[in-house]
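Notes follow the structure.
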Ligand code: HEC
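Residue numbers (our numbering): 4 to 135.
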C-alpha cells in the first residue's frame with residue numbers, strides 16, 4: 004500500500020474525529036419543553052414508529068405512562084427540562100425498553116426527537132398519520 008495514501012487517510016480520520024468532537028462540545032442540545040419549542044436533532048417520525056411498536060406497551064400510546072412513568076406532562080418535563088438531549092438518549096439507549104435494552108445511538112436520538120415533538124408540536128405528528 005502507498006504510504007502517502009495511508010497518511011492522507013489517517014489525516015482524514017483524525018480531522019473527522021476532531022470535527023465531530025468540536026461539534027458536540029460546542030453545541031450540546033438542551034431539552035426545552037413547551038408549545039413550539041425546538042426539537043433536538045433526530046427523526047421524530049422514525050421515533051414514532053419505534054415508540055408505537057415497542058415503548059407504548061409500558062409508557063402508553065399517549066405517553067401518559069402505564070408500567071413505566073409518563074414521558075410527557077409536568078412530572079416528566081420537570082425532570083428533563085434544561086438537561087442535555089444526549090443524556091435522555093443515553094438513558095433510553097442504556098436502559099430501554101426495560102425488558103430488552105440495547106438499541107443504536109441513532110434509534111435513541113429518533114426516540115428523543117419523537118418524545119420532545121409529542122410535547123412541543125404534537126400537530127406535526129398528526130399530519131404524518133393522516134398521510135399514511
Ligand atoms: C417493559 C416495560 C417498558 C418498556 C417496553 C419501555 N419502558 Fe421505559 N421505563 C419503564 C420503567 C419501569 C421505567 C422507570 C425506570 C426504571 O424502572 O428503570 C422507565 C423509564 C423510562 C424513561 C425515564 C423516564 C423519567 O421519568 O425520567 C424513559 C425516557 C423511557 N423509559 C423511555 C422508553 C422508551 C423510549 C422505550 C421504547 C424503546 C421504553 N421506555 C420502553 C418501563 C418500560
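We treat Cβ as the ideally placed atom computed from N, Cα and C, and that holds for glycine.
Around the beta carbon of residue 127, fewer than 16 other beta carbons lie within 10 angstroms, which makes this residue exposed. Under DSSP, residue 87 shares a beta bridge with 33. In this structure, residue 44 lies away from residue 80, with their beta-carbon atoms at least 8 Å apart. In this structure the segment 30-39 does not touch the segment 97-110; the number of beta carbon pairs closer than 8 Å is below three.
Check the Cα spacing between residue 95 and each of 112, 11 and 39: the tightest is with 112. Residue 98 has its CB nearer than 7 Å to a heavy atom of ligand 1.
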